[in-house]
Amino acid sequence: GNLSGRVSGPLHIATSHHIGLHRLPPVLRAYTARWPEVELDLQFMDSEQACQEVRRGERELGIVTLPVTPPEELETREIWPDPLCFVVGCEHPLANHGRIAAEDLIEHPAVLPARGTYTREVIEAAFAPRDLAIPVRLETNYLETIKMMVSVGLGWSVLPRSMLGGDLVAVEVAGMKLARRLGVVWHARRTLSNAAEAMLALLVEHATRR
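Residue numbers (the working numbering): 138 to 347.
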């Protein structure tokens, strides 16, 4: 990267609401302190849409849930591993069962991330080899909304372990360990601006600091 030059100008970034709320604040704080001349243009959208915008050259960087199989035009770098867990509300019949079988889990309705999201793909990939159909009662793109629906008893779900707490209880499902990868995507064939190179370097710094 050419960081000897001045780091200024606009930087167009797309990120998800979840990452914007839970992961990005310390990175953004450090970035604006270090490179005050950059005009940050931060747009919130689903990770899938963010990746499309980076592919089309509308945004330089996407800070997103990484695709299970990244399109070849995109470079990806994991910054935050994000272990997932099965969750229920504390009043749910499965709340105090210890370890359960996946077959028992799907006796109950689920509230899942929307079909077509990378997080949903991770969940479906875990169930596919067992030939088990998940009874999906509701789906939404917003993890905070899923957390609310699970805590009031509308179903079980799969959420980042980092969101546990309050009225949510983790349920261990035998033989199932799920995780998604959060990180940064950029276009493989476009030269990054100084501002984008600086952001990439800072993200990598945060990744190695954990």
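Cβ coordinates follow ideal geometry from the N, Cα and C atoms, glycine included.
- By the Cβ test, the stretch 253 to 272 is in contact with the stretch 307 to 318, since at least three Cβ pairs between them sit closer than 8 Å.
- Going by beta carbons, H159 and S299 fall inside the 8 Å limit.
- Two segments are said to touch when three or more pairs of C-beta atoms, one from each, lie closer than 8 Å; by this definition the stretch 145 to 155 touches the stretch 163 to 176.
- Taking 8 Å as the cut-off, the beta carbon of G290 is found no closer than this to the beta carbon of P246.
- Of the other Cβ atoms in all chains shown, 16 or more fall within 10 Å of the Cβ of P297; this residue is therefore buried.
- Annotation: the stretch 177 to 220 contains the following complete segments of the alpha helix (DSSP H) (minimum length 4 residues), in chain order: 184 to 192.
- Taken atom to atom, the span from the alpha-carbon of G312 to that of D241 is near 13 Å.
- In this structure, I260 lies away from L269, with their beta-carbon atoms at least 8 Å apart.
- One alpha carbon belongs to S294, the other to V287, and they sit about 7 Å apart.
- By the criterion of at least three beta-carbon pairs nearer than 8 Å, the stretch 217 to 225 is not in contact with the stretch 179 to 186.
- In the three-state reduction of the DSSP assignment, G146 falls in the strand class, which pools E and B.
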